[in-house]
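Sequential numbering from 8 applies to the sequence shown in the working numbering. Backbone N, C-alpha and C fix where the C-beta goes; we use that ideal spot for every residue, glycine too. A short worksheet on the structure shown next.
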Amino acid sequence: MTETALLSSGAYADAVATATRAAAAYYTDGATPLGDDEYDVLVRAIAAYEQAHPQEVLPDSPTGKVAGGAVQGDVPHSVPMLSLDNVFTAEELADWAAGLERRLGRAPAGWCVEPKLDGLAVAARYRGGRLRRVITRGDGLAGEDISHAAGDVLGLPEHLTEAVDVELRGEVLLTREQFERANEIRTEHGAVPFANPRNGAAGTLRAKDRPYRIELTFFAYDAVGLGEELGHSALLERLAALGANTAATTAAAPRRCETVEQVQQRVEEIAGLRAELPFGIDGVVIKADDAADQQQAGSGSRAPRWAVARKLAAEHKVTRLLDVEWAVGRTGIIAPRAVLEPVVIDGVTVTYATLHNPADIERRGLMLGDQVFVYRAGDVIPRVEAPLVDERTGAERPIVFPEACPRCGDAIDTAEQRWRCARGRNCQAVASIIYAAGRDQLDIEGLGSTRAVQLVEAGLVADLADVFELTREQLLALDRMGETSTDNLLAAIGTARTRPLNRALCALGIRGTGRSMSRRIAAHFGSMAAIRAADAEALAEVDGMGPEKARLMVAELAELAPLLDRLAALGVGTAVTEPTAPRPAADAEPAAAAAAGPLGGQAVVVTGSMTGPLAALSRNEMNELIERAGGKASSSVSKRTTLLVAGEKAGSKRAKAEELAIRILTPDEFADLVAAHLPRA
Ligand code: IVH
Numbered sequence: 008m009t010e011t012a013l014l015s016s017g018a019y020a021d022a023v024a025t026a027t028r029a030a031a032a033y034y035t036d037g038a039t040p041l042g043d044d045e046y047d048v049l050v051r052a053i054a055a056y057e058q059a060h061p062q063e064v065l066p067d068s069p070t071g072k073v074a075g076g077a078v079q080g081d082v083p084h085s086v087p088m089l090s091l092d093n094v095f096t097a098e099e100l101a102d103w104a105a106g107l108e109r110r111l112g113r114a115p116a117g118w119c120v121e122p123k124l125d126g127l128a129v130a131a132r133y134r135g136g137r138l139r140r141v142i143t144r145g146d147g148l149a150g151e152d153i154s155h156a157a158g159d160v161l162g163l164p165e166h167l168t169e170a171v172d173v174e175l176r177g178e179v180l181l182t183r184e185q186f187e188r189a190n191e192i193r194t195e196h197g198a199v200p201f202a203n204p205r206n207g208a209a210g211t212l213r214a215k216d217r218p219y220r221i222e223l224t225f226f227a228y229d230a231v232g233l234g235e236e237l238g239h240s241a242l243l244e245r246l247a248a249l250g251a252n253t254a255a256t257t258a259a260a261p262r263r264c265e266t267v268e269q270v271q272q273r274v275e276e277i278a279g280l281r282a283e284l285p286f287g288i289d290g291v292v293i294k295a296d297d298a299a300d301q302q303q304a305g306s307g308s309r310a311p312r313w314a315v316a317r318k319l320a321a322e323h324k325v326t327r328l329l330d331v332e333w334a335v336g337r338t339g340i341i342a343p344r345a346v347l348e349p350v351v352i353d354g355v356t357v358t359y360a361t362l363h364n365p366a367d368i369e370r371r372g373l374m375l376g377d378q379v380f381v382y383r384a385g386d387v388i389p390r391v392e393a394p395l396v397d398e399r400t401g402a403e404r405p406i407v408f409p410e411a412c413p414r415c416g417d418a419i420d421t422a423e424q425r426w427r428c429a430r431g432r433n434c435q436a437v438a439s440i441i442y443a444a445g446r447d448q449l450d451i452e453g454l455g456s457t458r459a460v461q462l463v464e465a466g467l468v469a470d471l472a473d474v475f476e477l478t479r480e481q482l483l484a485l486d487r488m489g490e491t492s493t494d495n496l497l498a499a500i501g502t503a504r505t506r507p508l509n510r511a512l513c514a515l516g517i518r519g520t521g522r523s524m525s526r527r528i529a530a531h532f533g534s535m536a537a538i539r540a541a542d543a544e545a546l547a548e549v550d551g552m553g554p555e556k557a558r559l560m561v562a563e564l565a566e567l568a569p570l571l572d573r574l575a576a577l578g579v580g581t582a583v584t585e586p587t588a589p590r591p592a593a594d595a596e597p598a599a600a601a602a603a604g605p606l607g608g609q610a611v612v613v614t615g616s617m618t619g620p621l622a623a624l625s626r627n628e629m630n631e632l633i634e635r636a637g638g639k640a641s642s643s644v645s646k647r648t649t650l651l652v653a654g655e656k657a658g659s660k661r662a663k664a665e666e667l668a669i670r671i672l673t674p675d676e677f678a679d680l681v682a683a684h685l686p687r688a
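Here it is in structure tokens:
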């Protein structure tokens with residue numbers, strides 16, 4: 008962001024033309040394929056060229072102009088409405104603050120740090136406390152009258168709490184919720200959806216004869232006529248007392264800071280809050296807080312010298328929608344996902360984005376090949392916001408919605424916004440039966456993929472409980488099922504019924520409960536009934552679970568209740584937890600549990616291939632063995648590891664253990680150590 012490209016003179020003219028076009032779209036209601044970040048980079052390059060070639064500056068150049076010179080108006084402003092200079096890094100911000108200090112001959116008495124709201128600047132004139140006129144910023148000297156829109160702007164009261172003559176200045180925007188609502192309304196009326204909230208706010212403020220109304224929000228951050236002596240923080244308080252909405256009502260509330268270090272910290276805090284804010288911000292504004300400092304610093308023709316914007320990377324980027332994939336989730340939900348031409352948003356490459364549901368695709372009027380606005384903030388899943396309809400070439404193709412479930416081919420239930428396979432969870436029947444019968448779960452020999460498909464297709468099995476109700480007659484009636492295979496399968500199912508709780512739990516395929524988590528949960532609760540009775544708080548106590556996973560698990564267990572009831576009635580998962588590290592008495596200290604068995608208190612890692620008595624054990628079975636012997640199994644060597652079992656072809660884990668001077672045993676030595684806990688052959 009800080010690097011400035013060097014332009015040739017031809018490229019300079021092109022850059023000015025591109026930036027002017029983009030600014031016109033940005034400040035009015037068009038959409039431009041040039042993102043905010045790219046616009047800033049372009050303007051920096053233009054400014055650098057002009058500094059080196061001052062005699063070649065083109066009259067159209069956006070530099071030094073409010074709104075890049077893109078807009079004009081016919082209502083003169085009482086006092087010019089200025090813009091802000093930008094900085095892009097903490098260092099640039101520190102340099103700017105040092106520059107202001109030099110100009111003042113002292114450090115400013117204090118700073119105010121507040122969000123840079125991503126909307127449009129307006130001036131709202133009040134006479135005797137009554138709203139008379141609303142004007143856009145325009146070119147800073149004169150703006151457009153948009154009083155017609157005032158009634159739809161929350162936070163811009165018709166009457167102030169006092170009968171004062173004043174001009175409030177601030178930003179009008181669409182909150183994220185207002186944006187979603189606006190696009191719903193627009194598509195209901197057959198209008199093109201807004202590409203992003205800023206674009207929607209610009210279009211809405213200028214539109215006159217729309218057959219529908221769209222609600223906006225105003226945030227005040229400046230005023231003319233409230234007294235020259237008011238510092239910025241005091242001014243904001245006064246604005247709120249008059250009844251105007253200010254950012255003080257938000258998590259990113261303006262804050263007075265005494266030092267530049269505090270300023271930098273608050274900038275980071277506001278940047279960190281960005282994803283959670285209910286509206287978009289494109290930076291953080293830093294202002295000298297005291298009126299005397301502001302007056303002494305003064306203003307240039309474009310921006311005040313006592314304030315600056317620390318820009319944040321754009322959250323919206325334009326890219327191309329290449330494809331839409333339809334994935335069937337575990338519960339049968341059929342969710343569309345956008346495949347995008349990869350685009351970097353705030354340092355992360357985005358290739359996929361959510362499209363929520365089919366109705367959402369229709370609402371946004373998307374087509375394959377469209378240039379689209381993609382939004383990504385913090386940890387949220389990137390989402391496609393809207394197409395740039397003006398950029399269409401005619402080569403775009405409609406998005407084809409599936410007519411049958413992409414996984415099982417059955418019908419789709421389209422009654423709700425989120426489409427779902429008519430079989431619901433059972434859509435997954437084959438996959439989930441194969442998983443449950445796997446070696447690390449219930450280990451049902453003879454129930455592999457071919458047999459699972461056969462059983463599901465014959466209508467004998469739709470879920471795991473059905474497996475335990477299969478009868479000899481049913482199996483014998485199937486193709487390629489002789490007496491021997493039937494008896495073997497029934498015997499294997501009989502054994503599966505007695506598998507310990509951790510394996511029965513793992514077999515359910517609940518998200519986040521793989522083999523080792525299932526062992527920990529089983530050891531913690533001791534029975535399926537206790538697991539089912541646990542609330543999220545109790546589940547979160549399991550080592551490595553955490554509140555978020557616990558919440559999801561409670562929800563999944565609730566959804567699985569009918570299946571779990573049937574499994575319990577069939578005696579599945581009721582066997583005592585995997586034998587036999589002595590479980591501590593209910594009232595024993597947790598440390599007692601860790602100390603039990605030959606591996607009590609040990610953190611053990613296994614690497615390389617196992618030999619001798621351990622040759623037949625899978626990694627999962629090795630981990631189970633470690634835990635039966637009282638140890639804790641883990642997959643990577645760290646400072647906490649106390650023992651490494653290194654078989655043949657042990658590689659980097661062995662090297663790391665040697666480096667950390669961790670005890671290393673061969674598989675045979677280890678087998679001796681845990682002999683009492685080895686599985687019976
Ligand atoms: S102060 C003299 N404060 O950002 C005062 N501007 O890029 C100049 N903006 O024109 C403006 N949030 O449209 C100020 N908290 C804030 C702001 C803010 C958003 C906008 C405003 C300004 C533009 C400059």
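Beta-carbon proximity of residue i to residue j, cut-off 8 Å
i       : j       : result
Ala-334 : Ala-345 : no
Cys-513 : Arg-522 : yes
Val-160 : Leu-249 : no
Thr-27  : Pro-66  : no
Lys-294 : Trp-118 : yes
Arg-217 : Pro-204 : no
Arg-176 : Arg-312 : no
Ala-259 : Leu-243 : no
Lys-646 : Thr-614 : no
Leu-373 : Leu-328 : yes
Phe-225 : Leu-284 : no
Ala-321 : Asp-44  : yes
Ala-384 : Ala-282 : yes
Glu-121 : Ala-254 : yes
Thr-213 : Ile-153 : Note that residue 213 is Arg in the sequence shown here, rather than Thr. Against a cut-off of 8 Å, the Cβ pair of Ile-153 and Arg-213 comes out as a contact.
Gly-80  : Gly-145 : yes
Tyr-133 : Val-82  : no
Asn-93  : Ala-278 : no
Leu-624 : Val-652 : no
Leu-471 : Leu-570 : yes
Val-274 : Val-291 : yes
Val-474 : Val-468 : yes
Spatial distance of residue i from residue j (CA atoms)
i       : j       : result
Ala-22  : Asp-47  : 12 Å
Arg-590 : His-684 : Only weak support is given to the placement of Arg-590: the predicted model assigns it a pLDDT of 37, under 50, and the question is left unresolved by the model.
Ala-12  : Thr-39  : 21 Å
Ala-618 : Val-355 : Here residue 618 is Thr; the residue named in the question, Ala, does not match the sequence. If you take the alpha carbons of Thr-618 and Val-355, they lie about 45 Å apart.
Pro-375 : Pro-405 : As written in the sequence, residue 375 is Leu, which differs from the Pro given in the question. Cα to Cα, the separation comes out at about 6 Å.
Met-552 : Ser-641 : 15 Å
Ala-498 : Cys-415 : 30 Å
Tyr-19  : Ala-29  : 15 Å
Ser-240 : Ala-128 : 19 Å
DSSP three-state assignment for residue i, whether helix, strand or coil
i       : result
Lys-215 : coil
Ala-156 : helix
Glu-178 : strand
Thr-400 : coil
Asp-367 : helix
Glu-596 : Residue confidence for Glu-596 is low, a pLDDT of 36 falling below 50, so the modelled location carries little weight and cannot support an answer.
Glu-655 : strand
Val-315 : strand
Lys-646 : coil
Arg-139 : strand
Asn-93  : strand
Gln-448 : coil
Asp-289 : strand
Ala-545 : helix
The ligand PLP heavy atom lying under 7 Å from the CB of residue i
i       : result
Glu-174 : Of the ligands one can find in the structure shown, namely the ligand IVH, none is the ligand PLP.
Anticipated Cβ contact below 8 Å, residue i with residue j, distance rounded
i       : j       : result
Val-681 : Leu-577 : At roughly 33 Å, the Cβ-Cβ gap does not stay under 8 Å, so Val-681 and Leu-577 are not in contact.
Val-325 : Leu-395 : 7 Å
Gly-519 : Met-488 : At roughly 36 Å, the Cβ-Cβ gap does not stay under 8 Å, so Gly-519 and Met-488 are not in contact.
Gly-580 : Leu-508 : 5 Å
Output the residues surrounding the ligand IVH, defined as those with a CB atom closer than 5 Å to any ligand heavy atom, in chain order.
Matched residues: Leu-89, Ser-90, Leu-91, Glu-121, Lys-123, Leu-124, Ala-128, Glu-178, Tyr-228, Val-292 and Pro-311.
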